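**Student:** Chains as they are written, first to last, in this note's numbering: chain A, 706 to 1098; chain Z, 8 to 187. All residues carry an ideal CB built from backbone N, CA and C; glycine is no exception. Computed from a prediction, not measured in an experiment: that's the story for all the values here.
#1: Thinking C-alpha only, which one of A:777, A:751 and A:797 is nearest residue 771 of chain A?
#2: Quick one: which residues of the region 831 to 857 of chain A get their C-beta closer than 8 Å to a C-beta of chain Z? List them in chain order.
#3: Determine the burial state of residue 59 of chain Z: buried for a count of at least 16 other Cβ atoms within 10 Å of its Cβ, exposed for fewer.
#4: Quick one, are the C-beta atoms of residue 812 of chain A and residue 840 of chain A less than 8 Å apart?
#5: Is it a yes or a no for the region 119 to 136 of chain Z touching the region 163 to 171 of chain Z, going by three-plus beta-carbon pairs under 8 Å?
#6: Check this for me: beta carbons of residue 885 of chain A and residue 1028 of chain A, under 8 Å apart or not?
#7: If we define contact as Cβ-Cβ less than 8 Å, is residue 817 of chain A a contact residue for chain Z?
#8: At a CB-CB cut-off below 9 Å, which residues of chain Z make contact with residue 805 of chain A?
#9: Using the three-state DSSP reduction, which class does residue 39 of chain Z fall into: helix, strand or coil?
#10: Go to residue 92 of chain Z, then tell me how far its beta strand (DSSP E) extends in each direction, as first and last residue.
#11: What is the residue span of the alpha helix (DSSP H) that residue 181 of chain Z lies within?
#12: Tell me which residues share the same chain as residue 1025 of chain A and place their Cβ nearer than 8 Å to its Cβ, disregarding the 5 neighbours each side in the sequence.
#13: Check whether the Cβ of residue 181 of chain Z lies closer than 7 Å to any heavy atom of the ligand HEM, and answer yes or no.
#14: In angstroms with no decimal places, state the Cα-to-Cα distance between residue 739 of chain A and residue 723 of chain A.
#15: Can you give the Cα-Cα distance for residue 763 of chain A and residue 744 of chain A, rounded to whole angstroms?
#16: What in chain A is Cβ-close to residue 11 of chain Z, meaning under 9 Å?
#17: Which value, in whole angstroms, describes the spacing of the CA atoms of residue 806 of chain A and residue 35 of chain Z?
#18: DSSP three-state label for residue 170 of chain Z, please.
#19: How big is the Cα-Cα spacing for residue 918 of chain A and residue 50 of chain Z?
#20: Please work out which residues of its chain come closer than 6 Å, Cβ to Cβ, to residue 1046 of chain A, disregarding the five sequence neighbours upstream and downstream, and give them in chain order.
#21: Helix, strand or coil: how does DSSP classify residue 941 of chain A here?
#22: Buried or exposed for residue 1030 of chain A, please, with buried defined as at least 16 other CB atoms from any protein chain shown within 10 angstroms of its CB.
#23: Is the region 942 to 959 of chain A touching the region 36 to 43 of chain Z in the sense that three or more CB pairs, one from each, lie closer than 8 Å?
#24: To which residues of the same chain is residue 126 of chain Z closer than 7 Å at the C-beta, ignoring the five residues directly before and after it?
#25: What does residue 760 of chain A reach in chain Z if we use C-beta pairs closer than 9 Å?
#26: The region 921 to 935 of chain A: which residues have C-beta closer than 9 Å to a C-beta of chain Z, in chain order?
#27: Per DSSP, what kind of secondary structure is residue 780 of chain A in: helix, strand or coil?
#28: Do residue 979 of chain A and residue 887 of chain A have their CB atoms nearer than 8 Å?
#29: Would you identify the three-state DSSP class for residue 801 of chain A, choosing helix, strand or coil?
#30: Would you please state the rounded distance, in angstroms, between the beta carbons of residue 1075 of chain A and residue 1018 of chain A? I believe it to be under 8 Å.
#31: Over the uninterrupted alpha helix (DSSP H) stretch that includes residue 828 of chain A, give me the two end residues.
#32: When you compare the region 866 to 886 of chain A with the region 10 to 25 of chain Z, are there three or more beta-carbon pairs, one atom per stretch, that lie closer than 8 Å?
#33: Are the beta-carbon atoms belonging to residue 162 of chain Z and residue 13 of chain Z less than 8 Å from one another?
#34: When DSSP builds the beta bridges, which residues end up paired with residue 87 of chain Z?
#35: Cutting at 8 Å between CB atoms, please list the residues of its own chain near residue 930 of chain A, excluding the five before and the five after it.
#36: Using only the alpha-carbon positions, how far apart do residue 167 of chain Z and residue 185 of chain Z sit?
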């Protein structure tokens, strides 16, 4: 059977006895463990069950139900139940080799009067006993890591974090599952809120199917007015028309449609940004969505561009954007590709690329270009594109 | 050094900094032979020198500690006691966006080994390090993710963590984690 006396224990102090501490050694930890909960719940339901209301008192108490098995200390086990019946604090130690993992509890059930049962496997032959007990931690919080003594730690994204220490002094964004057909709604987590961030499998093209906990180092976005292309910070060059108020990946209307409806001008939305120390490799990213078909295809092979230039006009990061149906096909015009475009709600994609070498500190030009012609950085194209949330970090 | 994009940061008239996340849990199990399984989406930690995926203990280099970190190119596992440490380093790095499973083994003799599976592919492992006396306690009874305190901060999207007493295979850890 492979059981050993003393691998777990129930401890309590009973002033009715002459010892500093009573110990009920268990041959093995509590078995058939399952979590339980008690709360005062009042339900009101209409006769046709179409209306239902629930009133609760407080948050209730988490509990743990499990069986003491193979017990050969009959009186010790009964004394344990007697102590519980007197509302003594009983301490459950599931692994005496890890004695700091202990749970101060009240015994909720059974209380006296009760009778012990014969162990299902070893009761008849060996007289061993079993009893199912219901414990509630004195602080009413859930039991952690009691299920199997070999499991030292267990956590899964989306799981309980009340015992964790988490900090982040400001807001941060993440992908929520709701509202975007599974492709992710750009959302903002409050300060000190851990971000349950939904992701898809490797390609990042499909719907987001699993939660993760997003943990990041600090970063700075040097792009300005990232959700306000109508701002005067963004200069519209070459007759570019920016129509703001477009649907965005948040589910709001912070995006813009940038339109260059002539091949002559080279329409661009441009802002000057200042990149501060240190001089290092930088990453350019932004959200894009295919423009309206009536103008997107006016010039064959025209492409959109998101780029970062020095003030002298040298391109340091350039992302060429074409479309295959509603999916972007990117070309590296300057810099290094990173991963694949990440799909978001409403036909939005986040694209990214980094500089080849370090960028010195100072001013740079950030451009959104809806139609840049066929090659190079020429501006002979014609077309439009939805854009949102440029980021230079 | 930003080599990969991080989550989007909204700006207005000025540049905006998103500050780091910092996460820890209590961890009361003492140093012992154990297997650490962690599954996450790679978002750039492997390129950040000394960024921690997981760290048991604290920043002190003279106290018991076990951590999986990056050496700037590859993931590695380190076990340290009061006076010394042992490290085992992988020879391949996951690419950005990959689903990564790491299996860190702390043997009873204090040696360590690290296994890695990327996108469900066959596990590759380091050689087992030299032995090292096991500490009797961790620097603190704390388990950190993606950093140790304010140091060694990386970029991960964390999915599952399981730490199990004893030495277990990747397949066994997947069963524990419910991911097989």
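**Tutor:** Short version:
#1: Here residue 771 of chain A corresponds to residue number 66 of the first chain, with the count starting at 1. The shortest C-alpha separation from residue 771 of chain A is found at A:797.
#2: 854, 855, 856 and 857
#3: In the second chain, residue 59 of chain Z corresponds to position 52, counting from 1. Its Cβ being crowded by 16 or more others within 10 Å, residue 59 of chain Z is buried.
#4: Within the first chain, residue 812 of chain A is the residue found at index 107, counting from 1. Within the first chain, residue 840 of chain A is the residue found at index 135, counting from 1. Yes, the pair counts as a contact, with Cβ atoms nearer than the cut-off.
#5: no
#6: On the first chain, position 180 is the one that residue 885 of chain A refers to. On the first chain, position 323 is the one that residue 1028 of chain A refers to. Result no, Cβ atoms of residue 885 of chain A and residue 1028 of chain A do not sit closer than 8 Å.
#7: On the first chain, residue 817 of chain A is found 112 positions in, with the first residue counted as 1. So, not an interface residue.
#8: Your numbering for residue 805 of chain A matches position 100 in the first chain. By Cβ distance, chain Z contributes 35, 36, 37 and 148.
#9: Looking up residue 39 of chain Z in the second chain gives position 32. Residue 39 of chain Z falls in the coil class under three-state DSSP.
#10: Working through the second chain from its first residue, we reach residue 92 of chain Z at position 85. Here the beta strand (DSSP E) through residue 92 of chain Z covers 92 to 96.
#11: Numbered from 1 along the second chain, position 174 holds the residue referred to as residue 181 of chain Z. Secondary structure note for residue 181 of chain Z: its alpha helix (DSSP H) is the uninterrupted segment 177 to 184.
#12: In the first chain, residue 1025 of chain A corresponds to position 320, counting from 1. 1008, 1009, 1010, 1035, 1036, 1037, 1038 and 1077, listed in sequence order.
#13: Here there are no bound small molecules, and the ligand HEM is not part of this structure.
#14: The sequence position of residue 739 of chain A within the first chain is 34, counting from 1. The sequence position of residue 723 of chain A within the first chain is 18, counting from 1. In a straight line, the C-alpha of residue 739 of chain A is about 34 Å away from that of residue 723 of chain A.
#15: The sequence position of residue 763 of chain A within the first chain is 58, counting from 1. The sequence position of residue 744 of chain A within the first chain is 39, counting from 1. Straight across, the Cα-Cα distance linking residue 763 of chain A with residue 744 of chain A is about 8 Å.
#16: The residue labelled residue 11 of chain Z in the question sits at position 4 within the second chain. Per Cβ cutoff of 9 Å: 988, 1043, 1044, 1057 and 1059.
#17: Your numbering for residue 806 of chain A matches position 101 in the first chain. Your numbering for residue 35 of chain Z matches position 28 in the second chain. The alpha-carbon of residue 806 of chain A is positioned some 6 Å away from that of residue 35 of chain Z.
#18: Translated into positions along the second chain, residue 170 of chain Z becomes position 163. Strand, per DSSP.
#19: By 1-based counting over the first chain, the position of residue 918 of chain A is 213. By 1-based counting over the second chain, the position of residue 50 of chain Z is 43. Roughly 12 Å separates the two Cα atoms.
#20: In the first chain, residue 1046 of chain A corresponds to position 341, counting from 1. So the qualifying residues of the chain are 1033, 1054 and 1056.
#21: Walking along the first chain from the start, residue 941 of chain A turns up at place 236. Three-state DSSP puts residue 941 of chain A in a strand.
#22: In the first chain, counting from the first residue as 1, residue 1030 of chain A sits at position 325. Classification of residue 1030 of chain A: exposed, given that the 10 Å Cβ count is below 16.
#23: Result no; under three Cβ-Cβ pairs closer than 8 Å.
#24: As a working note, residue 126 of chain Z is residue 119 in the second chain. Cβ within range, chain order: 105 and 106.
#25: What you label residue 760 of chain A is simply residue 55 of the first chain in a count that begins at 1. Those within 9 Å of residue 760 of chain A in chain Z number zero; the least Cβ separation is about 34 Å.
#26: 921, 922, 923, 924, 925, 926, 927, 928, 929, 930, 931, 932 and 933
#27: As a first step, residue 780 of chain A must be located in the first chain, where it is residue number 75. Helix at residue 780 of chain A.
#28: Start at 1 with the first residue of the first chain, and residue 979 of chain A comes out as number 274. Start at 1 with the first residue of the first chain, and residue 887 of chain A comes out as number 182. It is not a contact, given that the beta carbons lie outside the stated cut-off.
#29: If you number the first chain from 1, residue 801 of chain A lands on position 96. Three-state result, residue 801 of chain A: helix.
#30: Position 370 of the first chain, counting from 1, holds the residue named residue 1075 of chain A. Position 313 of the first chain, counting from 1, holds the residue named residue 1018 of chain A. So it is not a contact: roughly 19 Å between Cβ atoms.
#31: On the first chain, position 123 is the one that residue 828 of chain A refers to. Looking at the DSSP string, the run of the alpha helix (DSSP H) that includes residue 828 of chain A is 828 to 831.
#32: Yes, since at least three Cβ pairs between the region 866 to 886 of chain A and the region 10 to 25 of chain Z fall closer than 8 Å, the two stretches touch.
#33: On the second chain, residue 162 of chain Z is found 155 positions in, with the first residue counted as 1. On the second chain, residue 13 of chain Z is found 6 positions in, with the first residue counted as 1. Yes.
#34: Here residue 87 of chain Z corresponds to residue number 80 of the second chain, with the count starting at 1. The partner list for residue 87 of chain Z (beta bridge, DSSP) reads Z:72 and Z:92.
#35: Residue numbering aside, residue 930 of chain A sits at position 225 when the first chain is read from its first letter. Answer for residue 930 of chain A: 936, 938, 939 and 976, listed in chain order.
#36: Translated into the one-based positions of the second chain, residue 167 of chain Z becomes position 160. Translated into the one-based positions of the second chain, residue 185 of chain Z becomes position 178. Answer to the nearest angstrom: the Cα atoms are 9 Å apart.
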